[in-house]
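Presented below is the structure to which this report refers.
Below, the structure is given as structure tokens:
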């Protein structure tokens, strides 16, 4: 990558971190103008920690079980990220709801990816929800995180067809492929200031981008 | 069209009947194995009535205002369709919720089209709902009608991108194009027995179709 601006970010996860890998690789290969300062898990045994270390990214564990309240955990988490100089936060399978204690430290700077076309199928097991509903089209959504569960303004979406023969694993795998491609692209639009937020609508800025 | 089976249907509308026109044309051109016996409006001034007459389809008006209860209207409506030998009912902008009094007369034989990817944006003004939400993808859904509002099993869906410059009219027009193409195709799958319903999932039947 040429010497253009790289925005310091953290990636938070609780599991295997597939989307984390796609973000780190995109940052290393130049498609994402990010400097991944730290990958943080709230679970010490998250597979994503080893993958991150293998990619040369610093890792940290901050267990929510070590804190009496959500706010205390969120405050410690924000402090940890601040010490790494983080400006934006990307969630990649981070299974904790963040409170305003955290979000107010990174206003409109926390981004998540969800395996459904929100507002359809929020919360957990979105792919199985789509199958149970009998949806013929589902997909994935990159969105800003607010205090609700999967309710923040939508940055980008991709549609994925549901096939008759799909079970949860098959559908999840096909959505995940799209997630891995979409997330770096959408996050780059955010980091480079290519977007403006008007109410809930996230539109492409007319001004030149910052990267 | 060659002499294959044509299923007697009715189309119900309350407005201009764009989807009615696409269904009637598909039936006349052979893409839809339907014999449109009657187009019924609950409003005497619905633009769709003139269009239907212009296409050579019998029309009828049954005003809900002439009935004291929903059930009385629904019963009269079912009687009217029965007199025309109707087997399946396609809703095309019909702005009345049908009660079990009607639905039980045509079990799993009432089909509707909705301008959103259900379960997102049910009810009215779906396109504006999608814009207000900031969705980047919306679309349309053909579904079986049950007692809820836009809650029946999904037959087919098509995705439509939301553009930054979209207002309600522009987005509605682009979705409507997809509706006009999708509805005859999806309805034909139903009429020809190409589908099986497993719980809420509507799957392609393995047996040969009936048309």
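Chains as they are written, first to last, in my numbering: chain R, -5 to 205; chain Z, -5 to 205. We put the CB at the ideal spot given by N, CA and C, even for glycine. Bear in mind that the values here come from a model prediction, so they are computed numbers and not experimental data.
Compile a chain-ordered list of the residues in the segment 142 to 159 of chain R whose CB is closer than 7 Å to at least one CB of chain Z.
Within the segment 142 to 159 of chain R, the qualifying residues are 147, 148, 150, 151, 153 and 158.
Among R:13, R:122 and R:73, which residue has its Cα nearest to the Cα of residue 100 of chain R?
Closest by alpha carbon: R:73.
Run through chain Z and tell me which residues come within less than 9 Å of residue 184 of chain R, C-beta to C-beta.
Going along chain Z, no residue has its Cβ under 9 Å from residue 184 of chain R, so there is no contact; the nearest lies around 14 Å.
Relative to the alpha-carbon of residue 78 of chain Z, which residue among Z:31, Z:70 and Z:71 has its alpha-carbon at the smallest distance?
When each option's Cα is compared against that of residue 78 of chain Z, the closest is Z:31.
What are the boundary residues of the alpha helix (DSSP H) that includes residue 13 of chain Z?
It spans 12 to 23 - the alpha helix (DSSP H) in which residue 13 of chain Z sits, taken as one unbroken run.
Closer than 9 Å, CB to CB, is residue 114 of chain Z near chain R or not?
Yes, residue 114 of chain Z lies at the interface with chain R (some Cβ there is under 9 Å from its Cβ).
Tell me the DSSP secondary structure of residue 171 of chain Z in three-state form.
In this structure, residue 171 of chain Z counts as helix in the three-state DSSP scheme.
Short of 8 Å in beta carbon distance, which residues of its chain neighbour residue 195 of chain Z, apart from the five on each side in sequence? Order them along the chain.
For residue 195 of chain Z, where only same-chain residues beyond five positions count, the Cβ hits under 8 Å are 147.
Looking at C-beta atoms only, is the number of pairs between the segment 106 to 124 of chain R and the segment 56 to 76 of chain R that lie closer than 8 Å three or more?
Output reads no: the segment 56 to 76 of chain R does not touch the segment 106 to 124 of chain R.
What is the rounded straight-line gap between the Cα of residue 17 of chain Z and the Cα of residue 44 of chain Z?
Their Cα atoms are separated by approximately 15 Å.
In this structure, what does DSSP give as the bridge partners for residue 134 of chain R?
BP columns for residue 134 of chain R point to R:152.
Taking C-beta pairs closer than 7 Å, name the residues in chain Z that residue 128 of chain R reaches, listed in chain order.
Correct list: 147, 148, 194, 195 and 196.
Name the residue from R:205, R:159 and R:188 whose alpha carbon lies nearest to the alpha carbon of residue 200 of chain Z.
Taking only the C-alpha atoms, the option nearest residue 200 of chain Z is R:159.
Taking the runs of the alpha helix (DSSP H) that are 4 residues or longer, which of them lie wholly in the segment 74 to 124 of chain R?
Entirely contained in the segment 74 to 124 of chain R, the alpha helix (DSSP H) runs reaching 4 residues are, in chain order, 94 to 97.
So, under 8 Å CB-CB, residue 133 of chain Z and residue 97 of chain Z are touching, yes? Tell me the CB distance rounded to an integer number of Å.
That pair is no contact at about 25 Å.
Going by DSSP, what residue range makes up the beta strand (DSSP E) through residue 197 of chain Z?
Looking at the DSSP string, the run of the beta strand (DSSP E) that includes residue 197 of chain Z is 195 to 198.
Would residue 125 of chain Z pass as an interface residue toward chain R - the criterion being a Cβ-Cβ separation below 9 Å?
Chain R contact via Cβ: present.
Could you work out which residue in R:34, R:70 and R:39 is closest to residue 53 of chain R when comparing CA atoms only?
Ranking R:34, R:70 and R:39 by Cα distance to residue 53 of chain R puts R:34 first.
For residue 161 of chain Z, which of helix, strand or coil comes out of DSSP?
The answer is coil: DSSP assigns residue 161 of chain Z none of H, G, I, E or B.
Tell me, please, which residues DSSP counts as bridged to residue 29 of chain Z.
Paired residues: Z:2.
According to DSSP, which residues form a beta bridge with residue 53 of chain Z?
DSSP output for residue 53 of chain Z lists Z:33 as bridge partner(s).
Identify the contact partners of residue 131 of chain R in chain Z, using a Cβ-Cβ distance below 7 Å as the criterion.
Residues of chain Z passing the Cβ test: 111, 133, 151 and 153.
I'd like to check one pair, residue 139 of chain Z with residue 56 of chain Z: are the Cβ atoms closer than 9 Å?
In this structure, residue 139 of chain Z does not lie closer than 9 Å to residue 56 of chain Z by Cβ.
Looking at residue 90 of chain Z and residue 58 of chain Z, is the spacing between their C-beta atoms short of 9 Å?
Their beta carbons are under 9 Å apart, which means residue 58 of chain Z touches residue 90 of chain Z by this criterion.
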